[in-house]
Structure formats: C-alpha cells, structure tokens
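Some notes on the structure that comes next.
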Amino acid sequence: MNTTAQTSRRDFLKTTAITSGGLLMGVPLLTFGDAQAAGTLHTPSAWVHNADDNTITLLSARSEMGQGVYTSMPMLIAEELNVDIRRVKVAIAAPDAKLYGNALLGGTQLTGGSTSVRDGWENLRVAGAQVREMLISAAAARWNVDRSELKAENGTVLGPNGKKATYGELAEAASKMPLPVKVSIKDPKDFRIVGKRTKRLDTPAKVNGSAEFGIDVKLPGMVYAALEQCPVIGGTVKSVDAARAKSMPGVIEVVQIPDGVAVVADSWWRANQARKALAIVWDEGAGATLNDKAMLEGIRAASKSGRPLPIKAVGDAPAAIAASNRVVRAEYVSQLLSHSPLEPMNFTASYANGKMLLIGPTQWQDGAQGAVAKAIDMKPEDIGVQTTFLGGGFGRRIDLDFIVQAAQISKAIGKPVKLVWSREDDMTHDFYRPQSVHQLAASLGADGKPTAMTFRLTSQSVTGRVFGLPNEVPDDLMMEAAVAPYAIPAIHHDAIKHDAGLRVGYWRSVSHLLNAFANESFVDELAKEAGQDPYQYRMAMLAGQPRFANVLKLAMDKAASRPLPAGHARGIALMEGYDTYMAQVAEVSLDASGAVRVHRVTVAADPGRMVNPDTVEAQIQSSVVFGMGAALMQEITLDKGRVQQTNFHQFPVVRMSEAPAIDIILVESTEKPGGIGEPATAVIVPAIANAVATLTGKRVRKLPITADAIKAA
Amino acid sequence: MATLNVNGKDLAVDADPSTPILWALRDTLGMTGTKFGCGQALCGACTVHLNGAPIRSCVTPISAATGQKITTIEAMASDRVGKAVQDAWVKHDVVQCGYCQSGQVMSATALLKTNRKPTDADIDAAMAGNICRCGTYARIRSAIKDAATQLA
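This is the structure we're talking about:
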C-alpha cells in the first residue's frame, strides 16, 4: 500500500461528504496501487473524479470480488466520457445508497444477484455523458464559443482553430457547471469500449502481490485479533478464564464481545496461538441439537404440513395428474454448502474520538455502516467504510457479522484492529446455502410429453433471514428458475418456507441451482419414461421459446461435433437466470473409484448485450467449476450443532486436475444485458446429473453425486 | 531474533522460532503478497520458494528457513521465469478475485524452472496443491503453456 493511500485513510474521518445538486464533494477515495490522484481532486459527479493533474478516477459502486466490475463499471462510464479505459483509475465507492444504491436490489448498496451490469447499464453511461457535457460547457465558457462547436475526445475537449484543453485542465471549472438533466447517450452501434474484449484493470496488481485485499490492510498502530466463537453457531459465553492466554507472548488484551472472546496481539499468529489457551464455558443455545439429517427430515415433513405459497398455476394440474395412468414422481434434495471464499473473513476497524473507520472486503457497504451503527450505538454518518478487493464473495460477504465483530473489538480497545478468521472459523461459522426438498410430478400424454406438472419446493428463506421478509410473504429469490420454459398445458408450482434452524445465506446462484437441479433432472426422467431423446424431447417443448431453443441447439451441435469416447456420456440442461439464457452439455465418465470425472462442458449463453465479453467467458468458466464442486464433492453436515467440516480436506474444492475443458459460445444479441456471475453455476449441476444417469442408468436425486451415492442409487 | 533471507536480503525477524514463515512475512515484515488461505497446507495460497522449491509457508516454521533462501511473489518481477509467468497471466487475463494468484504464480514459476516444456499431466501435478475458488484453471493452464513457449 502506498503512502498517499494511508494518508487518505487517516484523513477520511476529517472530511465530510456533502451531496448537493448531484455533486459529491470532498470524499477521499480508497484506490489501489498507485492510483491515488496526486493532484487536487475535483468532483463533477459521484461517478467521475477529475483531478487537475489529468488523472481521472471512475467509481465502481459495486465491490470487485472477481466478477470484473472494477473493469466493466468504468467501461460503461468511459464509453460516454470518451477516455481511454487504460488511463483511468478506479475506486470503489463509499457508502451512500442515495448515489450508489442498486435499483435491482431495493436501492441498497449491495453487490449481488448478478446485477452490477444490469443496474449500471444505463445509469453509468448517463453519468459519463453528464460529465462529458459539463467539461464541454466549461470549455465553451473558457473560450467563449458555442457548445455545438466543441467535442470531447480521448480525455480532451477540442474546439475551433485548434483549441484544446485536457479534462484535467477543465476539471475545476467543470465541477462548477450545473449537472445536465438530459443528455444523449450513444447508439450501441457506435460503442468503442462497451462490447469489446477488454483486459481487466486489476490484473497487474493481482499477479505481483500488490493488490490490497482486506487481509492486507495496515493502519498505523494497528493490532491483530483472533476470535473464539462458540462451536455451536449462536451460542454465547457463560464464563471465560483468560489468564493463561493473557500471559502468552505478544498478547495485548483479551476482549469479550457478544459473539465470543477476542485475543488481541501484536501479530495474528500470536493472537491465534493465545486464543487456544482460552478456557471458555459456553451456553450453546438453541442450535446445540441441530443435525443435518434431522433438519432434512424437518423440511420433508414441512413439505406436507407447511403453507404453500403460490409460484405459478395454469389449468388444474393436480386434477390432471390424479386422473392420469401415466405419472412420474420424483423427489430431489440439495445439500448444505459453505461459501468458502479463499480469503477468510476479516475486517479492519479503527475507533477513535467517536468515529469509526471500517476497511475491508464487503459486498454491502451501507449494510456494514448500518449494522455497526446499530451494534455499537453510533450514528451511521460517523462510520466510514472503505472497500478493498474481495478475495471471493459468492454471497458470504453480504453478511456483516465479521465487520460488526471488528468494530466491537476496536471500540473496546480504542485501537485500530484487524480481525482475521481462520479457515476453520470461516467454514464452521458461515451462513450456509440451505437444504431443499423438491417434489415434482407429471402426467404424460400419448406422445410422451407432459400434460400436467406439479412442483413443490420446500426450503429455508434466505431473504427472511437477511432482510426479515415475513414468513407469509413469498420469497421471490426462492422461486427463481422454478418454472421451466417448456410448453406444458397445466402446471401448479408452489413453495413452502421452513426454518430448519441453521442460519442460511445467499450462495452463488441462490435458488436457481436448487430449482434447476430439480426441473432439469426431472425433464430428463420424463424423456426416459417416454422413451425419447432428452434433446429432442426438450426441443419439442420449446417452440415458443426462441432464446432457449437457440442456446440449446448451439450447445448440443458444438458438443456433438466431437466424437464421444467409449465410457463417456453427455447430459444437457438449460435455464434462464438473471435475464441470461443458457444451455450446457456435460461430458462425464467414472474413474476407477467410481467418482464422476467431468471431461468437457459446452456452454451456449445468450446474456443479451455484453459489456466485456472476455469477462462473460471468464464468469462462465468460473461458475462451471464452482457448480461442479456443489454437484460432485461438497456437503456441510452438522452433529450436535457443530459443523463437521473444518477445512478443505473435508470440503473439497475442484482442483486443476479435475477442471474440465470448457467450450463457450456467446450469442450476439441486442437484448437488454443479463447477469453472468451466477447462472452457469446452476446449469452445470443438472447437466452433470443427467450425464451420470445416462452413463450409469442410475439416477442420483440427492446432491452431491459422489461415488457412494451412485453405487447406492 | 531470527534472521531470514527473503528475496536476497537478510532481514531480522522478531518472532518465535515456531512462527510460520507466512506470518513472519505478512505481520512482521509487512510483505502481504503471500496469502493466508487455510493454515494447513491444503490450498496453496501461501506458496513461496525455499531454495527455489515451492513450499507452503503457512506450515513451515521460520526455524526451518534459517540460513536458507526464501523467495516470494514480490521478487517475481525481477526473476526471468517469474516475469514470464506474470506476463502470461496478464496476457490470458487469468485472475478473477485474485486471492490465490500469488500462490499460483509461485507454483507455476517453480514448475517452469525445472521443466521448460510441461505436459498437461506435469501441470496437473505441479498445480495440484493450489486451489482457485474462482475456477480460473483453464486460463492458468493456457498461461503456463504460453510462458513455457516464451521461455523456450
């Protein structure tokens, strides 16, 4: 980290954010590497910070957790501002939901739901255009010429008779111009940046070790904390004997906070060593009896006794199925999962003189500010939040527990402190992807196609836990991808919420995975019952769904263009999620131990308009590998309320030798942009399940599809 | 007070002999390019070179490194092979969240220092200890092969 950035942090709390007339003034920014503007910063808008040394900082209101917003958000602004994307600096915005809220997520400043590009698609181009017009107005005033004689190109305003001025030279004057209410933005055919393969702006810093993640934050006088939490999530401290821990080398203080006991030392290693010497008696609380098998049985029981919330109904599907003599029924089960981003949870907090500065990796800036304000009784405006790079998010960093903990420790000791969780802490104190049970049924007509279908999902509502959505209100995020696109005359889809007792969280693709696993496994089972080819079977039911039919055909044609080796089988699946249409073909075999090996995955995606096609490809590659882990090898289990998996030997992650070849076909489209950070995570799971069923003749309906599960099927 | 040779410099480290190299680098010496991922040699984020060979610094105590040469990600730009690997990583835009990539670069560099024409199986073996939760493996593989070509 460079010195200017440190200075800006110290000064952060001395400055005041004033918003007036759309102008955001005087907010120092956390930027990375040498990106801190050295000149005087002028701030024509909340999105573009021009400095008079000709540096231009474009803001990303969304956190960079690998998905590429550090590049794609600036691309959208730069397109209209007419600057070279390689010459801008990037900063992640401070909390201000009025300016940076995510309209697709209720206006809160949250990165998630594959929304960044969809939310920013128009807003950011308008923001770039507004600043461009302000710069032109400033130049027009300076040269006393009409605005129509000027144009802004490549960081410079050009006028008649060779007049020119850089954006930096115009920065101060432009910042005083009124923000134009109406601006014209480019027709997409004129795009010079958006839609072009663009190198990520964060790559150089991430290959030389200089990129700053939360765990790398350093503040003057900072100390380190390790936190012992109850092995049963939600348990509290009854009593603690810290005498031995306090006597260990480097230990500065031992602090009790609501979630446990923190050891503060002069290095994290010493803090964590001393933590092992704490003698704590816990009140394990209501979670002490939880085990995953009983939780699953509870969900299954609730699927019969709970209150169904409607998803979609057409015709009278239950009656049609009751009257049919050709009915297929199946139950699908998804497992508990941890997020396990590679950077363990951590945050740095610095409390002094009634102000709190929080620095670290979060997906939810105003959430962090609000949660800390509530937890330690401060005003939100006295709490600053600076967002570093995130070493993975996947939904885990929407939750705020570790931020509140860091703040509580810092307030207690009156020093800057970096709280770092161990991997074991991270895996055993997650907000887990909930278990689910799906009960599906369909009647088949004479042509083998479904005449009616029912679908019931029973699972825990994450939105209920995170946002307090009342139990009787349908959780839209449980219902995504619940209705498959197939033409079926009568359907009846509903969902039952059941709190199984463990805290749950949004996990990459959320319910898309649960629902797509059930729906796309089931349609393969229907095809098998009908004695039909799964591809043709689907195609026949997609007549009115051109975007689905297109991606399915593209993926299948590409996959089928290669010979299928003996002992291999293919499985297909499709889904719409986040406005992206996608089909995948997975090619699998079994290894000597009976475990599934995925050789090749062919993906056809129609995500609408793309900002950075290379990032779209990267996110598909990422999601396929991420979803593979969930499909084949990962499961969190509980015994006596304790999560049984503590590290990567028990919660395996796909490794190099297991990663498949991935062929990707991107559909050029003028449709509105779709999200791409998540959907492929869901689609790969049923594609693998279907391939395994074709290969082995055995249908595994419970995740993960391990060697044992296949043998037992 | 131990002395560690890091990237060619002898540095005094005020830490207990059992302290893992990782934490001496990060907290004592302030070199945070080397990452903490698991603490059990299961993820490879902490990979550094000890006398040129890749090791997991999260489980290797500083007492085991006395008088030996530790090389970290911070020195790769000035290493011919390391630089070629970094350049290939940039060319293929390998990174996503980037947290594992210091370790990936260190493992790949160690591979290419001993094997200038690695096969897919060689790459699988050399990179087996490095988890990428973002799943950038396909690009890592391409980048390693590209770096090998550049070094040939």
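Each protein sequence line maps, in turn, to chains V and F.
Letter by letter, the first sequence follows residues 0 to 712 in numbering that gives the first Met the number 0.
Letter by letter, the second sequence follows residues 0 to 151 in numbering that gives the first Met the number 0.
Where is the CB? At the ideal position from N, CA and C, for every residue including glycine.
From F:84, F:136 and F:73, residue whose alpha carbon lies closest to that of residue 8 (chain F):
In the second sequence, counting from the first residue as 1, residue 8 (chain F) sits at position 9. Residue 8 (chain F) has its Cα closest to that of F:73, out of F:84, F:136 and F:73.
Neighbour-count burial assignment, residue 0 (chain F), 16 or more Cβ in a 10 Å radius
Indexing the second sequence from 1 puts residue 0 (chain F) at position 1. Burial call: exposed.
Using a cut-off of 7 Å between C-beta atoms, extract the partners of residue 152 (chain F) located in chain V.
Chain F is shown only over 0 to 151; residue 152 (chain F) falls outside these bounds and no answer can be derived.
What three-state label does DSSP hand residue 479 (chain V) in the structure shown?
In the first sequence, the residue the question calls residue 479 (chain V) occupies position 480. Here residue 479 (chain V) sits in coil by DSSP.
Per DSSP, the bridge partner or partners of residue 48 (chain F):
Along the second sequence, one-based indexing puts residue 48 (chain F) at 49. Paired residue(s): F:53 and F:70.
Name the chain F residues that come within less than 8 Å of residue 648 (chain V), Cβ to Cβ?
Here residue 648 (chain V) corresponds to residue number 649 of the first sequence, with the count starting at 1. Simply 39 and 41.
Quick check on residue 9 (chain F): does DSSP put it in helix, strand or coil?
As a position in the second sequence, residue 9 (chain F) is number 10, starting the count at 1. In this structure, residue 9 (chain F) counts as strand in the three-state DSSP scheme.
By the DSSP assignment, the beta strand (DSSP E) with residue 458 (chain V) in it spans what residues?
In the first sequence, the residue the question calls residue 458 (chain V) occupies position 459. Taken as a continuous stretch (DSSP letters only), the beta strand (DSSP E) holding residue 458 (chain V) covers 449 to 458.
Given that residue 275 (chain V) touches chain F, what residues does it touch there, using C-beta distances under 7 Å?
Against the first sequence, residue 275 (chain V) aligns to sequence position 276. Correct list: empty, because the minimum Cβ distance to chain F is about 13 Å.
9 Å is my cut-off, CB to CB: does residue 130 (chain F) come that close to chain V?
Within the second sequence, numbered from 1, the residue matching residue 130 (chain F) stands at position 131. Taking Cβ atoms only, chain V reaches closer than 9 Å to residue 130 (chain F), which makes this a yes.
Give the residues from the stretch 16 to 29 of chain F that approach chain V closer than 9 Å (Cβ to any Cβ), ordered along the chain.
17, 18, 19, 21, 22, 23, 25, 26, 27 and 29
Limits of the unbroken beta strand (DSSP E) element including residue 571 (chain V):
In the first sequence, the residue the question calls residue 571 (chain V) occupies position 572. Start and end: 568 to 576.
Taking 9 Å as the cut-off, decide whether the C-beta atoms of residue 226 (chain V) and residue 495 (chain V) are in contact.
For this step, residue 226 (chain V) is matched to residue 227 along the first sequence. For this step, residue 495 (chain V) is matched to residue 496 along the first sequence. It is not a contact, given that the beta carbons lie outside the stated cut-off.
Under 9 Å between C-beta atoms of residue 454 (chain V) and residue 504 (chain V):
Here residue 454 (chain V) refers to the residue found at position 455 of the first sequence. Here residue 504 (chain V) refers to the residue found at position 505 of the first sequence. Going by C-beta atoms, residue 454 (chain V) is not nearer than 9 Å to residue 504 (chain V).
Quick check: residue 605 (chain V) and residue 546 (chain V), are their CB atoms within less than 9 Å of each other?
The residue you call residue 605 (chain V) lines up with position 606 of the first sequence. The residue you call residue 546 (chain V) lines up with position 547 of the first sequence. Result yes, Cβ atoms of residue 605 (chain V) and residue 546 (chain V) sit closer than 9 Å.
In this structure, how does DSSP classify residue 621 (chain V) when only helix, strand and coil are distinguished?
By 1-based counting over the first sequence, the position of residue 621 (chain V) is 622. Helix, per DSSP.
Start-to-end residues for the beta strand (DSSP E) that takes in residue 226 (chain V):
Start at 1 with the first residue of the first sequence, and residue 226 (chain V) comes out as number 227. Run containing residue 226 (chain V): 222 to 228, per the beta strand (DSSP E) assignment.
Strictly below 7 Å CB to CB, what residues from chain V border residue 113 (chain F)?
Against the second sequence, residue 113 (chain F) aligns to sequence position 114. By Cβ distance, chain V contributes nothing, its closest Cβ being about 17 Å from residue 113 (chain F), past 7 Å.
Measuring alpha carbon to alpha carbon, tell me which of V:498, V:213 and V:61 ends up nearest residue 305 (chain V).
Counted from its first residue, the first sequence places residue 305 (chain V) at position 306. Closest by alpha carbon: V:498.
Below 7 Å on C-beta distance, what does residue 45 (chain F) contact in chain V?
Residue numbering aside, residue 45 (chain F) sits at position 46 when the second sequence is read from its first letter. Correct list: empty, because the minimum Cβ distance to chain V is about 11 Å.
Range of the contiguous alpha helix (DSSP H) that encloses residue 545 (chain V)
To locate residue 545 (chain V), count along the first sequence from 1; it is residue 546. Here the alpha helix (DSSP H) through residue 545 (chain V) covers 545 to 559.
May I have the straight-line CA-CA distance separating residue 152 (chain V) from residue 183 (chain V), to the nearest angstrom?
The count along the first sequence starts at 1 and reaches residue 152 (chain V) at position 153. The count along the first sequence starts at 1 and reaches residue 183 (chain V) at position 184. Straight through space, the alpha carbons of residue 183 (chain V) and residue 152 (chain V) are spaced by roughly 16 Å.
Measuring only the C-alpha atoms, how far is residue 198 (chain V) from residue 560 (chain V)?
Stepping through the first sequence from its first residue, residue 198 (chain V) is reached at position 199. Stepping through the first sequence from its first residue, residue 560 (chain V) is reached at position 561. Roughly 31 Å between the two C-alpha positions.
Could you compute how far the alpha carbon of residue 94 (chain V) sits from the alpha carbon of residue 383 (chain V)?
Translated into the one-based positions of the first sequence, residue 94 (chain V) becomes position 95. Translated into the one-based positions of the first sequence, residue 383 (chain V) becomes position 384. Between residue 94 (chain V) and residue 383 (chain V), the C-alpha separation is close to 8 Å.
Reference residue 132 (chain V), options V:108, V:160, V:100 and V:173, closest by Cα
Within the first sequence, the letter at position 133 stands for residue 132 (chain V). Nearest option by C-alpha distance: V:173.
Cβ of residue 550 (chain V) within 9 Å of any chain F Cβ
Your numbering for residue 550 (chain V) matches position 551 in the first sequence. Closer than 9 Å: no.
Considering only the beta carbon of each residue, do residue 620 (chain V) and residue 138 (chain F) sit closer than 9 Å?
In the first sequence, the residue the question calls residue 620 (chain V) occupies position 621. In the second sequence, the residue the question calls residue 138 (chain F) occupies position 139. Yes, they are a contact pair.
Under a Cβ-count criterion, where at least 16 other Cβ atoms within 10 Å of its own Cβ denotes burial, should residue 698 (chain V) be classed as buried or exposed?
Position 699 of the first sequence, counted from the first residue, corresponds to residue 698 (chain V). That one is buried.
Name the one or two DSSP bridge partners that residue 641 (chain V) has.
What you label residue 641 (chain V) is simply residue 642 of the first sequence in a count that begins at 1. As DSSP reads the structure, residue 641 (chain V) sits in a beta bridge with V:231 and V:638.
Measuring only between beta-carbons, confirm whether residue 192 (chain F) sits less than 9 Å from chain V.
Past the edges of chain F, shown from 0 to 151, lies residue 192 (chain F), and the structure says nothing about it.
Identify the contact partners of residue 101 (chain F) in chain V, using a Cβ-Cβ distance below 7 Å as the criterion.
Walking along the second sequence from the start, residue 101 (chain F) turns up at place 102. Per Cβ cutoff of 7 Å: 208.
With C-beta atoms as the reference, is residue 630 (chain V) less than 9 Å away from residue 704 (chain V)?
Position 631 of the first sequence, counted from the start, is the residue given in the question as residue 630 (chain V). Position 705 of the first sequence, counted from the start, is the residue given in the question as residue 704 (chain V). Taking 9 Å as the cut-off, the Cβ atoms of residue 630 (chain V) and residue 704 (chain V) count as close.
Could you tell me the alpha carbon to alpha carbon distance between residue 119 (chain V) and residue 39 (chain V), rounded to whole angstroms?
Indexing the first sequence from 1 puts residue 119 (chain V) at position 120. Indexing the first sequence from 1 puts residue 39 (chain V) at position 40. For residue 119 (chain V) and residue 39 (chain V), the distance between alpha carbons rounds to 27 Å.
Do you know how far the Cα of residue 185 (chain V) is from the Cα of residue 484 (chain V)?
As a position in the first sequence, residue 484 (chain V) is number 485, starting the count at 1. As a position in the first sequence, residue 185 (chain V) is number 186, starting the count at 1. One C-alpha to the other measures close to 34 Å.
So with CB distances below 9 Å, who are the chain V contacts of residue 104 (chain F)?
Within the second sequence, numbered from 1, the residue matching residue 104 (chain F) stands at position 105. By Cβ distance, chain V contributes 206, 207 and 208.
Within chain V, partners of residue 12 (chain F) - CB distance below 8 Å
Numbered from its first residue, the second sequence carries residue 12 (chain F) at position 13. Chain V residues near residue 12 (chain F): none, gap ~11 Å exceeds 8 Å.
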